[in-house]
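J.: Its first residue numbered 105, the sequence shown is counted upward by one per residue in this note's numbering. Using N, Cα and C, we set each Cβ at its ideal position, and we do this for glycine too. In this text the structure is predicted, and so the values were computed from the model without any measurement.
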Amino acid sequence: MKYWKDMKIDYREFVDMLKRNGNISKDGGNVKLQVHRSEVDAAFAEAGGSDGIIDFADIEKVEKKYGLPMNISGDMKYWKDMKIDYREFVDMLKRNGNISKDGGNVKLQVHRSEVDAAFAEAGGSDGIIDFADIEKVEKKYGLPMNISGDMKYWKDM
105 MKYWKDMKID YREFVDMLKR NGNISKDGGN VKLQVHRSEV DAAFAEAGGS DGIIDFADIE
165 KVEKKYGLPM NISGDMKYWK DMKIDYREFV DMLKRNGNIS KDGGNVKLQV HRSEVDAAFA
225 EAGGSDGIID FADIEKVEKK YGLPMNISGD MKYWKDM
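1) Can you give the Cα-Cα distance for D234 and Y115, rounded to whole angstroms?
2) Taking S241 and I203 to be in contact with their CB atoms under 8 angstroms, please state how far apart those CB atoms are, rounded to whole angstroms.
3) K184 to D159, Cα distance in whole Å?
4) Could you compute how far the alpha carbon of I238 sits from the alpha carbon of G227?
5) Do you know whose CA, among G171, F148 and M196, lies nearest D179's CA?
6) Using the Cα positions of N125 and I251, report the straight-line distance between them to the nearest angstrom.
7) Going by the CB atoms, is the gap between I157 and S177 shorter than 7 angstroms?
8) Can you tell me whether M105 is helix, strand or coil according to DSSP?
9) Applying the 10 Å Cβ sphere with the 16-neighbour rule, what's the burial state of E117?
10) Please say whether Y182 and E192 have beta carbons closer to each other than 7 angstroms?
11) Please classify K165: is it buried, with 16 or more other beta-carbons within 10 angstroms of its beta-carbon, or exposed?
12) Taking all protein chains shown into account, do 16 or more other C-beta atoms lie within 10 angstroms of the C-beta of M121, making it buried, or fewer, making it exposed?
Written out as structure tokens, the structure is:
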């Protein structure tokens, strides 16, 4: 338990936890939100597909939420009929790595440039994340207890 030795998480420890869990995007590209395979139906309906399709009016929302690059969302193999059906939606998410294969926690990724804001939002505006804040962090970033509970980060409690 390398994080909790001091009963709080500082900025350096927060960044280390997110790196260990794969939450900080390394490529500087789009942020990728992952969904479990079991949640794809709800994700499709939320994306505008409650009528069975996603159209041009809906696709920008999908691009932003899932970090889909134009080479995927604009691929003409999906737009031949001017709409995206469920099968095509799933294929787009798979190509972009948005569908979680391991059945584990969903991992929200942030760009390195967004870590300061993520730390402040997590409760660290006072320079620390404490026990009252860590549950939010675990849920939002899918941090398992073996990372968030590591005493390396809590040594100065």
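T.: Taking the structure as given:
1) Translated into the one-based positions of the sequence shown, residue 234 becomes position 130. Translated into the one-based positions of the sequence shown, residue 115 becomes position 11. Distance between the alpha carbons of D234 and Y115 is about 12 angstroms.
2) By 1-based counting over the sequence shown, the position of residue 241 is 137. By 1-based counting over the sequence shown, the position of residue 203 is 99. Reading the sequence as shown, one finds Val at residue 241 and not Ser. Between I203 and V241 the Cβ distance is about 24 angstroms, and since that is not below 8 angstroms, they are no contact.
3) Here the question's residue 184 lines up with position 80 in the sequence shown. Here the question's residue 159 lines up with position 55 in the sequence shown. Spanning the two alpha carbons is a distance of roughly 12 angstroms.
4) For the purposes of this step, residue 238 is taken as the residue at position 134 of the sequence shown. For the purposes of this step, residue 227 is taken as the residue at position 123 of the sequence shown. Rounded to the nearest angstrom, the two C-alpha atoms are 8 angstroms apart.
5) On the sequence shown, position 75 is the one that residue 179 refers to. Minimum Cα distance to D179 is reached at M196.
6) If you number the sequence shown from 1, residue 125 lands on position 21. If you number the sequence shown from 1, residue 251 lands on position 147. One C-alpha to the other measures close to 8 angstroms.
7) Locating residue 177 in the sequence shown gives position 73, counting from the first residue. Locating residue 157 in the sequence shown gives position 53, counting from the first residue. No; because the gap between Cβ atoms is not below 7 angstroms, this pair is not in contact.
8) Against the sequence shown, residue 105 aligns to sequence position 1. For M105, the predicted model reports a pLDDT of 48, less than 50, meaning its position is unreliable and no value from the coordinates is stated.
9) Position 13 of the sequence shown, counted from the start, is the residue given in the question as residue 117. Per the 10 Å Cβ criterion, buried.
10) Translated into the one-based positions of the sequence shown, residue 192 becomes position 88. Translated into the one-based positions of the sequence shown, residue 182 becomes position 78. Cβ atoms of E192 and Y182: closer than 7 angstroms.
11) Taking the sequence shown and counting its residues from 1, the one referred to as residue 165 is at position 61. So K165 counts as exposed.
12) Counted from its first residue, the sequence shown places residue 121 at position 17. When all chains shown are included, M121 counts as buried.
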